[in-house]
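S.K.: Structure in structure tokens, see below.
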Amino acid sequence: MIFSNTAVIIGKTFEYNYQYEHYIKDATIIVVLDSAIQQFLKLDLPIQPQVLLGDFDEQIDPEIVRKKFPGITIVHTPDQNKTDFEKAIEFLLEKGYKKIISLGLTGRRMDHTFNNIATLGKYNDQAFIQIIDDYSIIECISRVYNRKHKKGTRISLLPLGEVTGVITRNLKYSLMNESLALGRRTGSSNEVAEDGEVVVTIGKGRLIVMECWD
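According to the working numbering, the sequence shown is numbered sequentially starting from 144.
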């Protein structure tokens with residue numbers, strides 16, 4: 144998939160390392176969520192955020208933020224019925240972004256991690272969205288997953304609700320028109336059979352696809 148503009152969302156658990164450099168470098172816009180701005184204020188990170196967005200339930204002094212990052216846009220989103228991640232995605236969709244890379248959205252509180260991953264299923268038909276951390280690349284499909292991988296790469300298939308008609312190609316444990324349902328049957332810890340293209344198609348539902356490593 145080729146996109147002319149890429150957005151990066153940075154959440155509270157983000158810790159800068161070389162693994163994320165090319166995502167940051169390729170970003171057209173960087174959106175920092177709420178209290179995640181604190182480490183930007185404390186540390187001299189090689190990142191220039193363009194937007195700070197959130198309900199700001201933790202005290203953040205906008206003047207301090209503007210002083211360190213001149214030109215930054217501060218967006219106050221007090222709606223408590225949506226998470227900051229959801230609000231950031233909707234903000235970017237309104238701006239026309241179709242590729243969104245999300246960093247610092249997993250780890251620490253499991254309820255936040257679970258909800259952020261599930262949020263991918265809410266917007267996957269509107270944009271290509273990935274959550275990336277030190278151990279995985281996570282996305283959601285409602286039709287087809289098609290990527291090139293090295294033999295032995297770990298691929299996990301986790302359904303959001305029930306997913307039917309799951310067919311895989313080039314995975315060690317093949318699925319042929321199978322049904323998956325969280326709590327009953329998943330496709331966790333499969334692996335790529337041979338170097339090359341991995342294809343996963345589904346008939347109905349939302350399927351989380353994770354490329355994982357230790």
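All C-beta atoms in this analysis are idealised placements derived from N, C-alpha and C, irrespective of residue type, glycine included.
1. Thinking C-alpha only, which one of Glu337, Ile244 and Lys347 is nearest Ile173?
2. Leaving aside the five residues before and after Ile310 along the sequence, list all residues of the same chain whose C-beta is less than 7 angstroms from its C-beta, in chain order.
3. Using the Cα positions of Tyr278 and Glu354, report the straight-line distance between them to the nearest angstrom.
4. Among all the DSSP beta bridges, which residues are the ones paired with Gln202?
5. Quick one: what's got a C-beta closer than 8 angstroms to Gly339's C-beta in the same chain, skipping five residues either side?
6. Helix, strand or coil for Arg209, going by three-state DSSP, please let me know.
7. By Cβ distance below 7 angstroms, which residues in the same chain neighbour Gln273 in space, the five residues on each side in sequence not counted?
8. Alpha carbon to alpha carbon, how far is Ile217 from Asp200?
9. From the DSSP output, which residues share a beta bridge with Arg290?
10. In its own chain, which residues sit with a C-beta less than 6 angstroms from the C-beta of Gly264, not counting the 5 before and 5 after it?
11. So for Thr262, helix, strand or coil by DSSP?
M.R.: On the basis of the data shown:
1. Ile244
2. Leu318, Met319, Asn320 and Thr344
3. About 8 angstroms.
4. For Gln202, which the question treats as bridged, DSSP gives no partner whatsoever.
5. Lys291, His292 and Asn313
6. If DSSP states are grouped into helix, strand and coil, Arg209 belongs with the helices.
7. Ile244, Ser245, Ile280, Ile281 and Glu282
8. 14 angstroms
9. Val341
10. Cys283, Leu303 and Arg349
11. helix
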